[in-house]
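I have placed the structure first, in the form of structure tokens, so that the comments after it can refer back to it.
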Amino acid sequence: MIKLYKRPFRKTFSFSTLSGLLVFIFSLFIFGRYILLPCLQSGDWASWAALGLISIFMLAVWYSYIGMYFYIILEDDKITVQNHLLPFLKISRNYKELGCIRFWLPTPGNWSVEAVEMVRKGKKRGSLYLGILMVDPNDYAEIVSTLESKGVRVETYRNLSHKEFKEVSRRIRKGE
Numbered sequence: 004m005i006k007l008y009k010r011p012f013r014k015t016f017s018f019s020t021l022s023g024l025l026v027f028i029f030s031l032f033i034f035g036r037y038i039l040l041p042c043l044q045s046g047d048w049a050s051w052a053a054l055g056l057i058s059i060f061m062l063a064v065w066y067s068y069i070g071m072y073f074y075i076i077l078e079d080d081k082i083t084v085q086n087h088l089l090p091f092l093k094i095s096r097n098y099k100e101l102g103c104i105r106f107w108l109p110t111p112g113n114w115s116v117e118a119v120e121m122v123r124k125g126k127k128r129g130s131l132y133l134g135i136l137m138v139d140p141n142d143y144a145e146i147v148s149t150l151e152s153k154g155v156r157v158e159t160y161r162n163l164s165h166k167e168f169k170e171v172s173r174r175i176r177k178g179e
């Protein structure tokens with residue numbers, strides 16, 4: 004049985020996501036108008052080197068925006084976290100190879116984004132935070148209960164301040 008936890012794209016908009024969208028669009032315009040166009044018109048190698056460095060920065064900005072729109076698919080034997088905007092970006096893990104799954108859920112109206120972290124058994128590092136804005140917050144209880152019934156340890160951190168987040172992250176890295 005496959006259970007898809009995904010809400011419509013229009014319901015993901017909040018102040019933090021709209022501000023990210025505006026930065027994304029503004030940076031795209033600035034990049035095209037003031038960096039890409041002059042580099043294409045001149046043939047200077049320094050312009051091309053600057054274009055390469057700025058392109059790497061722009062890709063990081065664009066990925067940070069696109070990387071927030073993941074949703075969760077629960078299957079009988081595995082969990083898949085897939086991107087809405089770029090469907091080929093997905094991570095699948097069998098329940099048996101998961102040490103735990105951490106959900107980071109901020110205070111509504113906070114600048115941070117809901118995220119999921121899948122940690123493999125026996126590894127303290129190497130996990131990846133994925134923004135799960137496409138998942139309806141009302142579905143979190145059902146997701147947690149389903150994962151626990153599959154034998155996966157689930158940790159939920161809700162309404163953490165920046166200082167508390169740093170403290171919890173430090174304790175997790177140390178293995179406490």
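The sequence shown begins at 4 in the numbering used here and counts up by one. In this text, a Cβ means the ideal position worked out from N, Cα and C, and glycines have one as well.
Cβ pair residue i, residue j closer than 9 Å
i      : j      : result
MET71  : GLY134 : yes
ILE94  : ILE5   : no
ILE69  : LEU43  : no
TYR160 : TRP107 : yes
VAL147 : LYS9   : no
LEU136 : GLU117 : yes
The ligand SAM heavy atom lying under 8 Å from the CB of residue i
i      : result
LEU131 : With respect to the ligand SAM, the structure shown offers nothing to examine, as it has no ligands at all.
Spatially closest choice to residue i from the options, by CA coordinates
i      : options                         : result
ARG123 : LEU136, LYS99 and LEU108        : LYS99
LYS81  : PRO140, ALA63 and ILE104        : ILE104
SER58  : TYR37, PRO11 and SER45          : TYR37
LEU24  : GLU158, GLU145, VAL64 and SER45 : VAL64
ARG156 : LEU7, MET121, ASN86 and LEU136  : MET121
GLU78  : LYS153, LEU92 and LEU56         : LYS153
VAL119 : ASN86, ARG174 and ALA49         : ASN86
Residue i at chain C interface by Cβ criterion, 9 Å
i      : result
GLU145 : The structure shown contains no chain C; it holds only a single protein chain.
Paired residues, beta bridge with residue i - DSSP
i      : result
LEU7   : ILE76
LYS14  : Paired residues: none, contrary to the question.
THR159 : PHE106
ILE57  : According to DSSP, which records beta bridges pairwise, ILE57 is partnered with nothing at all.
Buried/exposed call for residue i, threshold 16 Cβ in 10 Å
i      : result
GLU151 : exposed
TYR66  : exposed
TYR143 : buried
ASN141 : exposed
Same chain, Cβ closer than 8 Å to residue i, five either side skipped, listed in chain order
i      : result
LEU54  : ILE38, LEU39 and CYS42
GLU158 : CYS103, ILE104, ARG105 and PHE106
THR15  : TYR72, LEU136 and MET137
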